[in-house]
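Undergrad: Take a look at the following structure, please.
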Amino acid sequence: MKHTGPAVPRTCPVAAQTAPASDVTDPAMVDFPLRQPGVPFPPPDYADYRDRQGLVLSHLPDGKRVWLVTRHEDVRAVLTNPKISSNPEHEGFPNVGKTVGVPKQDQIPGWFVGMDSPEHDRFRKALIPEFTVRRVRAMRPAIERTVEARLDEMLAAGNTADLVADYALPIPSLVISALLGVPPTDRDFFESRTRVLVSLRGSTEEQRMTAGKELLRYINRLISIKEKWPGDDLVSRLLANGAIAPHELSGVLMLLLIAGHETTANNIALGVVTLLTHPQWIHDDRAVEETLRFHSVADLVSLRVAVEDVEIAGQLIKAGEGIVPLVAAANHDESVFECPHEFDPSRSARSHVAFGYGVHQCLGQNLVRVEMEVAYRKLFERIPNLQLDVPVDGLGIKYDSVLYGLHELPVRW
Amino acid sequence: MRITVAPDRCVGAGQCVLNAPALFDQDDDGLVTLLADPGADQESAARVASGLCPSRAITVHEG
Ligand code: HEM
Ligand code: SF4
Numbered sequence: 023m024k025h026t027g028p029a030v031p032r033t034c035p036v037a038a039q040t041a042p043a044s045d046v047t048d049p050a051m052v053d054f055p056l057r058q059p060g061v062p063f064p065p066p067d068y069a070d071y072r073d074r075q076g077l078v079l080s081h082l083p084d085g086k087r088v089w090l091v092t093r094h095e096d097v098r099a100v101l102t103n104p105k106i107s108s109n110p111e112h113e114g115f116p117n118v119g120k121t122v123g124v125p126k127q128d129q130i131p132g133w134f135v136g137m138d139s140p141e142h143d144r145f146r147k148a149l150i151p152e153f154t155v156r157r158v159r160a161m162r163p164a165i166e167r168t169v170e171a172r173l174d175e176m177l178a179a180g181n182t183a184d185l186v187a188d189y190a191l192p193i194p195s196l197v198i199s200a201l202l203g204v205p206p207t208d209r210d211f212f213e214s215r216t217r218v219l220v221s222l223r224g225s226t227e228e229q230r231m232t233a234g235k236e237l238l239r240y241i242n243r244l245i246s247i248k249e250k251w252p253g254d255d256l257v258s259r260l261l262a263n264g265a266i267a268p269h270e271l272s273g274v275l276m277l278l279l280i281a282g283h284e285t286t287a288n289n290i291a292l293g294v295v296t297l298l299t300h301p302q303w304i305h306d307d308r309a310v311e312e313t314l315r316f317h318s319v320a321d322l323v324s325l326r327v328a329v330e331d332v333e334i335a336g337q338l339i340k341a342g343e344g345i346v347p348l349v350a351a352a353n354h355d356e357s358v359f360e361c362p363h364e365f366d367p368s369r370s371a372r373s374h375v376a377f378g379y380g381v382h383q384c385l386g387q388n389l390v391r392v393e394m395e396v397a398y399r400k401l402f403e404r405i406p407n408l409q410l411d412v413p414v415d416g417l418g419i420k421y422d423s424v425l426y427g428l429h430e431l432p433v434r435w
Numbered sequence: 675m676r677i678t679v680a681p682d683r684c685v686g687a688g689q690c691v692l693n694a695p696a697l698f699d700q701d702d703d704g705l706v707t708l709l710a711d712p713g714a715d716q717e718s719a720a721r722v723a724s725g726l727c728p729s730r731a732i733t734v735h736e737g
């Protein structure tokens with residue numbers, strides 16, 4: 023393999039994994055899916071794509087041509103270029119596969135992750151005050167109580183658990199429902215519906231559709247209750263602020279719920295596995311940032327389309343062509359992160375693009391940082407003898423979903 | 675070194691506050707405010723924050 027980036031200054035203690043021989047006949051054309059059984063994640067092919075000149079051409083399952091972007095610098099360039107759009111209604115916008123229960127924009131107004139500036143900015147500006155570093159820090163005690171309560175239940179139930187279903191998925195759902203102002207008595211309903219929405223294995227397409235509809239109905243009811251009886255919560259404050267119309271608010275709340283659920287859960291679960299296999303980092307909070315970089319679960323999330331001809335990395339992208347910035351590839355770019363395949367919380371991981379970059383960079387990122395930190399810390403405090411209940415290579419990896427993660431995580435203590 | 679911030683470009687991601695809390699804060703609207711010009715020991719933190727800001731709302735003027 024040829025490196026065009028700066029020479030790797032030291033030999034990495036963990037060798038890069040290699041890919042099985044590829045059966046692709048045209049090496050210039052890469053096929054989806056990129057994540058496959060038997061291939062480690064991020065796929066070793068990403069290193070090869072980063073070394074190529076320009077960008078890599080690929081075909082999506084629906085036959086559409088897209089450009090894959092893999093170098094850190096190029097991913098940032100795509101995500102800040104005004105000629106490149108996030109709006110899925112544009113012809114040529116990439117469709118990478120199953121996005122569980124995510125509604126179409128025309129069905130739900132307020133889905134601002136799929137809007138461009140300046141339309142997008144009205145929504146983002148209204149929400150920013152809810153997610154400042156200070157505001158999120160103030161939520162920590164409540165997050166700690168939520169996490170403790172989950173652990174109490176797990177410990178009371180025996181000495182085994184599925185950490186995905188019993189811990190990783192409930193935490194972000196309970197946190198977001200508290201933030202939205204869902205009354206405590208409804209949080210179990212809320213949590214059970216959101217869990218159906220994201221479990222590809224445990225639920226049918228129909229069950230997921232039903233769960234999505236039930237949640238939307240619940241959210242609409244919540245909005246009308248808060249209109250009548252405002253409280254000290256995000257929904258009441260957004261209604262009072264007025265920048266977002268009530269009919270747009272349901273889309274905004276669904277977005278908050280969906281964007282922050284499986285993403286956070288996958289990071290919690292994958293992070294626990296990584297900590298169990300690298301126990302020297304268990305009580306080190308720097309593991310949070312490195313977990314975000316190392317696993318890069320949102321590899322296929324920041325999808326884009328060119329709305330004008332634009333040049334990235336010397337490659338002309340024509341108006342109407344789809345673009346897939348692969349954040350896992352950017353986060354394993356050895357010109358930015360030395361020995362990227364090594365899990366090393368002592369490195370400076372903060373320039374990772376696991377939350378994207380540009381105006382859409384994750385709104386919930388500081389909330390996630392607190393959730394992950396509390397989830398790891400409390401878990402290993404309360405259950406210091408936690409062990410995997412299956413071999414690491416027997417874990418059920420999500421190959422068929424947009425987000426990288428685990429179907430389940432059997433543990434014992 | 676001097677820093678200028680552009681709250682109109684800020685998307686409230688908080689990277690600056692996390693990485694250089696002595697220099698930056700978020701106001702009531704969640705947008706960036708400059709707390710102080712960087713002392714000699716804060717110049718590298720200022721450069722880091724400027725490089726991390728996803729909306730290029732922080733400009734460092736060297737010298
Ligand atoms: C580890 C967990 C998470 C990851 C990896 C993650 C990742 C991302 C990424 C990559 C984007 C950019 C999408 C794009 O460029 O098109 C994004 C946007 C967003 N995220 Fe997150 N996210 C996480 C958790 C959360 C949480 C907990 C919330 C809210 C409570 C949240 C709310 C949002 C919202 C609202 C957006 C859209 C922002 C905009 O368009 O301006 N995320 N997230
Ligand atoms: S890092 Fe940039 S976008 Fe984020 S709060 Fe600071 S100035 Fe605003």
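Protein chains in written order, with the working numbering: chain A, 23 to 435; chain B, 675 to 737.
Cβ coordinates follow ideal geometry from the N, Cα and C atoms, glycine included.
Owing to the predicted nature of the structure, the values given are computational and were not obtained by experimental measurement.
With a threshold of 16 other CB atoms inside 10 Å of the CB of Thr154 of chain A, please say whether the residue is buried or exposed.
TA: buried
Undergrad: Quick one: residues in its chain with C-beta nearer than 8 Å to the C-beta of Val392 of chain A, no 5 flanking neighbours on either side, listed in chain order?
TA: Val158, Arg159, Met161, Arg162, Ile165
Undergrad: Buried or exposed: where does Trp12 of chain A fall if 16 or more other Cβ atoms within 10 Å of its Cβ makes it buried?
TA: Chain A is shown from 23 up to 435; residue 12 of chain A falls before or after that span and cannot be answered.
Undergrad: Quick one: list the residues of chain A neighbouring Gly737 of chain B, beta-carbon separation under 7 Å, in chain order.
TA: Simply none; closest approach about 24 Å.
Undergrad: List the endpoints of the continuous beta strand (DSSP E) containing His283 of chain A.
TA: Segment: none, His283 of chain A is in no beta strand (DSSP E) and carries neither H nor E.
Undergrad: Which residues in the same chain as Ala719 of chain B place their Cβ atom closer than 8 Å to its Cβ, once the five residues preceding and following it in sequence are excluded?
TA: Asn693, Ala694, Ala696, Leu697, Pro712
Undergrad: Using the rule of at least 16 other Cβ atoms within 10 Å of the residue's Cβ for burial, across every protein chain shown, is Ser44 of chain A buried or exposed?
TA: Because Ser44 of chain A carries a pLDDT of 45, less than 50, the predicted location of this residue cannot be relied on, and no value is offered for it.
Undergrad: Hey, does Gln657 of chain B have any beta-carbon neighbour from chain A nearer than 8 Å?
TA: Absent from the structure is residue 657 of chain B, since the part of chain B shown begins at 675 and ends at 737.
Undergrad: Starting from Thr733 of chain B, trace the beta strand (DSSP E) both ways and give me its first and last residue.
TA: 732 to 735
Undergrad: For the alpha helix (DSSP H) that contains Val118 of chain A, what are its first and last residues?
TA: No alpha helix (DSSP H) contains Val118 of chain A, which DSSP labels as neither H nor E.
Undergrad: Asp699 of chain B lies in the alpha helix (DSSP H); which residues open and close that run?
TA: That residue, Asp699 of chain B, is in no alpha helix (DSSP H); its beta strand (DSSP E) goes 698 to 700.
Undergrad: For Lys86 of chain A, which residues from the same chain have a beta carbon less than 8 Å from its beta carbon, with the 5 sequence-adjacent residues on both sides left out?
TA: Gly114, Pro116, Asn117, Gly344
Undergrad: The region 152 to 171 of chain A: which residues have C-beta closer than 9 Å to a C-beta of chain B, in chain order?
TA: Glu152, Phe153, Thr154, Val155, Arg156, Arg157, Val158
Undergrad: Specify the secondary structure class of His81 of chain A as computed by DSSP and reduced to three states.
TA: For His81 of chain A, the secondary structure class from DSSP, reduced to helix, strand or coil, is strand.
Undergrad: Compare the C-beta of Asn388 of chain A with all C-beta atoms of chain E and state if any pair is closer than 8 Å.
TA: The structure shown contains no chain E; its protein chains are A and B.
Undergrad: Taking Arg372 of chain A as the query, report the chain B residues whose CB atoms sit under 7 Å from its CB, ordered along the chain.
TA: Asn693, Leu726, listed in chain order.
Undergrad: Please check the pair Arg172 of chain A and Ile198 of chain A, which I expect to be a contact at CB under 8 Å, by giving their CB distance rounded to whole angstroms.
TA: So it is not a contact: roughly 15 Å between Cβ atoms.
Undergrad: Against Arg13 of chain A, what residues of chain B qualify as contacts under a CB-to-CB distance less than 8 Å, listed in chain order?
TA: Residue 13 of chain A lies beyond the residue range present for chain A, which begins at 23 and ends at 435; the question has no answer from this structure.
Undergrad: For Gln383 of chain A, go through chain B and note every residue whose CB falls closer than 9 Å to its CB, in chain order.
TA: Val685, Ala687, Gln689, Pro728, Ser729
Undergrad: Let's test the definition: count the other Cβ atoms within 10 Å of the Cβ of Asp724 of chain B and tell me whether it reaches 16, buried, or not, exposed.
TA: The sequence given here places Ser at residue 724 of chain B; Asp does not occur at that position. By the neighbour-count rule (16 or more Cβ atoms within 10 Å), Ser724 of chain B is buried.
Undergrad: Under three-state DSSP, which class holds Leu278 of chain A?
TA: helix
Undergrad: At a cut-off of 7 Å, is Arg162 of chain A close to ligand 1 when judged by its beta-carbon and the heavy atoms of the ligand?
TA: no
Undergrad: Looking at the structure shown, is Asp53 of chain A part of a helix, part of a strand, or coil, going by DSSP?
TA: DSSP places Asp53 of chain A in the strand class (E or B) of the three-state scheme.
Undergrad: From the DSSP output, read off the bridge partner residues of Leu708 of chain B.
TA: B:Phe698
Undergrad: Since Asp703 of chain B meets chain A, which of its residues come closer than 8 Å, beta carbon to beta carbon?
TA: Result: Lys147, Ile150, Pro151.
Undergrad: May I ask you to check if the CB of Gln387 of chain A is nearer than 7 Å to at least one heavy atom of ligand 2?
TA: no
Undergrad: With a CB to CB cut of under 7 Å and the five nearest residues on each side skipped, what residues in its chain are close to Gln383 of chain A?
TA: Phe377
Undergrad: Is there at least one Cβ from chain B nearer than 8 Å to Gly282 of chain A's Cβ?
TA: no
Undergrad: Arg676 of chain B lies in the alpha helix (DSSP H); which residues open and close that run?
TA: Looking at the DSSP string, Arg676 of chain B is not in any alpha helix (DSSP H); the run it does join, the beta strand (DSSP E), is 676 to 679.
Undergrad: To the nearest whole angstrom, what separates the beta carbons of Val294 of chain A and Tyr398 of chain A, a pair I think is in contact under 8 Å?
TA: 7 Å
Undergrad: For the alpha helix (DSSP H) containing Thr33 of chain A, name the first residue and the last one.
TA: Note, Thr33 of chain A: premise wrong, no alpha helix (DSSP H); not H, not E.
Undergrad: For ligand 3, I want to know if Phe698 of chain B counts as a neighbour, meaning its beta carbon is within less than 7 Å of at least one of the ligand's heavy atoms.
TA: Ligand 3 is absent from the structure shown, which contains only ligand 1 and ligand 2.
Undergrad: What's the C-alpha gap between Ile732 of chain B and Ile677 of chain B?
TA: 7 Å
Undergrad: Specify whether the region 89 to 99 of chain A and the region 350 to 365 of chain A touch according to this definition: at least 3 beta carbon pairs, one from each stretch, less than 8 Å apart.
TA: yes
Undergrad: Is any heavy atom in ligand 1 found nearer than 7 Å to the beta carbon of Cys384 of chain A?
TA: Yes, ligand 1 has a heavy atom inside 7 Å of this Cβ.
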